[in-house]
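Let me begin by presenting the structure, written as structure tokens, before commenting on it.
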Amino acid sequence: MVMRRLVLAGVVAAAMMAAAAEGFISAKTWSAVRRANRGGPFVGLVVPNAYEMDPVLSSPSFSLSPTLPYLDVQGRRFRFGSIGGQNVVMVMTGLSMLNAGLTTQLLLSLFRVKGIVHWGIAGNADEGLQIGDVTIPEQWAHLSLWNWQRYGDGPENELPLEAAGDYTRQFGFLNFSDYTAGGRSPNELNSIWFQPEEIFPVSGTPEQRRHAFWVPVSSLYFSLAQKLEEMELPACVNATTCLPRAPRVTRVSRGCSANVFLDNAGYRQFLRAKFGCTPVEMESAAVALVAHQHGVPFLTIRSLSDLAGGGSSLGNEASEFLGIAAQNAVDVMLKFVPLLAGAGAADDIVVDM
Ligand SMILES: *[C@@H]1O[C@H](CO)[C@@H](O)[C@H](O)[C@H]1NC(C)=O
Ligand SMILES: *[C@@H]1O[C@H](CO)[C@@H](O)[C@H](O)[C@H]1NC(C)=O
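Take the sequence shown: its letters are residues -23 to -1, 1 to 330, numbered as in mature numbering (1 follows the signal peptide of the UniProt record, and there is no 0).
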């Protein structure tokens, strides 16, 4: 009797160990991850929301793997399949920089990924483009890391912890005084100074920080994307609602991300004038910062769904044009991924911008 109880306890303990094994990821999941990686290397597809992923799932250009269609890890679903002969693993992040960054890190930690393609909709800060156009920026910055200056201080005053190298006045500021309806006047909110991210490239020394503000996309992917500029996209949402001209695909210099849904003309104009942003959205710079630190090639494809507060209509246009904008971004992504046949995994890693 005592013997049997001991044996049973041993079996239970072994089962618990197998289930709990490594950190929060079970041994069962790790073995499924190893099996999945036999199908690699993959193009990692990172998408913010369901409305930007669903058109992929229903596209004939995407086929789900019959042997391993998906693997669920840590509240995320990794779907396996192929697009034009390229093996892909696709994951939905959810809204915002935190979700985008941690999901991209999870993707790269678990799977053999040769490069990352990210897509979605965005606000448009460039007057020269229209809703429905699909933009492919060459650089991305995260614009919601700030040092908020106290009232009374000006551009000549050092920021707190600036001397320690934690913060800088290098990338400029927004002064609330300049945005007073009826003319410039002192404002107790004073100024916010835009800050680069602290990064820790995997090829560097642990805990030795570098800084990154403008993060470049892969130069190879960016040059491959030139082929997409010939794509023709539909001009009509349905039989009655059409855009002034057919949307086009265009490579642009800069995209900007922040934990902000932007529906404000003043800030939109500021971002355009100060930083040269075209798409403004909430995830790409996070994906870029993670990919960059791993030296993994990365590209974003963002279609313009609204004017980020710069439109003449009474409301934001995103709800009206979200469908066509999401579909356009997906169509361009589906054309881009097959161009990666033969593209390797290593990319130039450049830091301290
Ligand atoms: C912002 O405006 C205030 C006046 O409201 C001025 O005192 C301050 O120097 C300005 N700050 C910068 C960084 O230009
Ligand atoms: C066409 O799309 C617009 C914008 O989404 C919508 O307001 C309108 O009702 C649609 N018309 C038809 C006929 O479906």
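Beta carbons are placed, not taken as given, at the ideal position from N, Cα and C, and that holds for glycine.
To which residues of the same chain is S282 closer than 6 Å at the C-beta, ignoring the five residues directly before and after it?
The residues are I98, A295, F298, L299 and A302.
So, is Q126 buried or exposed, given that buried needs 16 or more other C-beta atoms within 10 angstroms?
So Q126 ends up on the buried side.
State the start and end residues of the unbroken beta strand (DSSP E) segment that holds T227.
Taken as a continuous stretch (DSSP letters only), the beta strand (DSSP E) holding T227 covers V226 to S234.
Count the other CB atoms within 10 Å of the CB of D103; is the residue buried (16 or more) or exposed (fewer)?
Burial call: buried.
Hey, out of M208, S200, V237 and A216, whose CA is closest to P224's CA?
P224 has its Cα closest to that of M208, out of M208, S200, V237 and A216.
Comparing C-alpha positions only, which one of L45, L201, S196 and G62 sits nearest to F39?
The shortest C-alpha separation from F39 is found at G62.
Considering only heavy atoms of ligand 1, does any lie closer than 7 Å to the CB of F238?
Result no, Cβ not under 7 Å from ligand 1.
Hey, how far is the Cα of D329 from the Cα of R245?
With a pLDDT of 42 at D329, under the threshold of 50, the modelled position of this residue cannot be trusted; read the value that follows with caution. C-alpha separation (whole angstroms): 27 Å.
At a cut-off of 7 Å, is E294 close to ligand 2 when judged by its beta-carbon and the heavy atoms of the ligand?
Not so, every heavy atom of ligand 2 lies at least 7 Å from the Cβ.
Pick helix, strand or coil for residue 390, following the three-state DSSP scheme.
For the chain, the structure presents residues -23 to 330; residue 390 sits outside this window and is missing.
Just to confirm my understanding: we take A265, look at its own chain, exclude 5 residues before and 5 after, and list those with CB closer than 6 Å. What are they?
Answer for A265: W117, V192 and F275, listed in chain order.
Let me make sure I understand the geometry here. Which of V229, V23 and K251 has the alpha-carbon closest to that of F148?
Of the listed residues, the one whose Cα sits closest to F148 is K251.
Sort R279, G21, Q203 and L284 by Cα distance to N305 and report the nearest one.
Residue R279 is the option with its Cα nearest to N305.
Following the continuous alpha helix (DSSP H) through T277, name the residue where it begins and the one where it ends.
It is not in any alpha helix (DSSP H) - T277 instead sits in the beta strand (DSSP E) that spans F275 to D283.
Could you name the residues of the same chain whose beta carbon sits closer than 6 Å to that of G78, not counting the 5 residues immediately before and after it, in chain order?
Same-chain partners within the cutoff: A263 and V267.
What residue does the beta strand (DSSP E) around V307 start on, and which one ends it?
That residue, V307, is in no beta strand (DSSP E); its alpha helix (DSSP H) goes A295 to F313.
Suppose only complete runs of 3+ residues qualify. What are the beta strand (DSSP E) ranges in the stretch 149 to 211, listed by chain order?
Listed in chain order, the complete beta strand (DSSP E) runs (minimum 3 residues) inside the stretch 149 to 211 are 150 to 152, 168 to 171, 174 to 176 and 187 to 189.
Do A235 and L120 have their C-beta atoms within less than 8 Å of each other?
Yes.
Please report the residue range of the alpha helix (DSSP H) in which A102 lies.
From DSSP, A102 is part of no alpha helix (DSSP H); its letter is neither H nor E.
T112 and G21 look like a contact to me (Cβ under 8 Å); what is the Cβ gap, rounded to whole Å?
With 8 Å as the limit, T112 and G21 do not qualify as a contact, their Cβ atoms being about 21 Å apart.
Measuring straight from C-alpha to C-alpha, what distance separates G92 and N241?
Distance between the alpha carbons of G92 and N241: 34 Å.
Report the start-end ranges of each beta strand (DSSP E) in the stretch 9 to 70 that is 3 residues or longer and not cut off at the edges.
DSSP runs (the beta strand (DSSP E)) wholly in the stretch 9 to 70: 19 to 24, 39 to 41, 47 to 50, 53 to 60 and 63 to 69.
Specify the secondary structure class of G288 as computed by DSSP and reduced to three states.
Residue state, collapsed to three classes: coil.
Tell me which same chain residues have a C-beta within less than 6 Å of the C-beta of G288, skipping the five on either side of it?
Closer than 6 Å at Cβ, skipping near neighbours: E294.
Apart from the five residues on each side of it in sequence, which residues of its chain come closer than 8 Å, Cβ to Cβ, to S230?
Only P114, E115, Q116, G253 and T255 meet the Cβ criterion.
From which residue to which residue does the alpha helix (DSSP H) around N241 run?
That residue, N241, is in no alpha helix (DSSP H); it is neither H nor E in DSSP.
Alpha carbon to alpha carbon, how far is T81 from V179? Give it in angstroms, no decimals.
If I take the Cα positions, the gap works out to 15 Å.
Sort out for me which residues DSSP pairs E258 with in a bridge.
The partner list for E258 (beta bridge, DSSP) reads S234.
Taking Cβ positions, are I108 and L220 nearer each other than 8 Å?
The answer is yes: Cβ separation under 8 Å.
Is S195 near ligand 1, with its Cβ less than 7 Å from a heavy atom?
Not under cutoff, so the answer is no.
Are the Cβ atoms of F19 and V90 separated by less than 8 Å?
Yes, the pair counts as a contact, with Cβ atoms nearer than the cut-off.
With DSSP as the reference, please indicate the residues paired to W7 in a beta bridge.
Its beta-bridge partners do not exist; DSSP assigns none.
Quick check on G243: buried or exposed, where buried means 16 or more other Cβ atoms within 10 Å of its Cβ?
Exposed is the call here.
Any chance you could list the residues with Cβ under 6 Å from a heavy atom of ligand 1, keeping chain order?
In chain order, the qualifying residues are G131, P132, F150, N152, S154, P163, N164, N167 and S168.
Ignore the nearest five residues each way along the sequence and tell me which others in D155's own chain have a CB closer than 7 Å to its CB.
Contacts found: R161.
Just the residues with CB closer than 5 Å to a heavy atom of ligand 2, in chain order, which are they?
The answer, residue by residue, is V214, N215, T217, T218 and E297.
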